[in-house]
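Position one of the sequence shown corresponds to residue 3 (this note's numbering), numbered consecutively onward.
Where a beta carbon is used, it is the ideal one built from N, C-alpha and C, also for glycine.
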Amino acid sequence: MNGDYSLAVHALVYLDHRNTHLPSQILAENICTNAARVRKVMRPLAAAGLAATKEGAEGGYALAQPAADITLRTVAEATGTTFVDANWKPGDIHEECLVSSSMGTVMDGIYDGLNRTCLEQLAHTTIHDITEQIFSGASSQAN
């Protein structure tokens, strides 16, 4: 997993909190990154119908649907996020040894299962749930 998923969730939570169109520069300042990276991550969110875009002086990004309807799974699917992945596979499919020739495929199956489990878990949390968690924690910290 790269940081694009976290950036996407952060942007959507901030849009839920502010409840208005925000330009990429404002989102970038809150996320602590640059506006070009925000635009890159917001593109697939807009294509998936999670974020709306508006041009002009009052433009930028806004939520395209209620935050309570946007699950973290939907965000992961829109951004093409893979949570568990390996950039190296053990063994070699051309080896005579059954362990060596099978291990990469077995590990891929394990990783696929872990990714399915992550997506199933994320289906139970919405962008609005995170907004609520942040602000309920902030009010209890202030007391």
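With distances taken from CA atoms, which of the options is nearest residue i?
i    : options             : result
G106 : P92, A38, H96       : P92
L116 : F85, C99, S103, Q27 : F85
R20  : C99, A59, L65, K56  : L65
S26  : A50, A49, E57       : E57
Could you tell me the alpha carbon to alpha carbon distance between residue i and residue j, rounded to whole angstroms?
i    : j    : result
D131 : L74  : 10 Å
P46  : L52  : 9 Å
A88  : D110 : 8 Å
L29  : Y113 : 33 Å
Reducing DSSP to helix, strand and coil, say where residue i ends up.
i    : result
K91  : coil
T128 : strand
G58  : coil
Going by the C-beta, is residue i closer than 7 Å to any heavy atom of the ligand ATP?
i   : result
D18 : What this structure holds is no ligand at all, so the ligand ATP is not there to describe.
inquiry  = I'd like to know if the segment 61 to 80 and the segment 123 to 130 are in contact, where contact means that at least 3 CB-CB pairs between them fall below 8 Å.
reply    = yes
query = So does the segment 5 to 17 actually touch the segment 34 to 46, counting three or more Cβ pairs closer than 8 Å?
reply = yes
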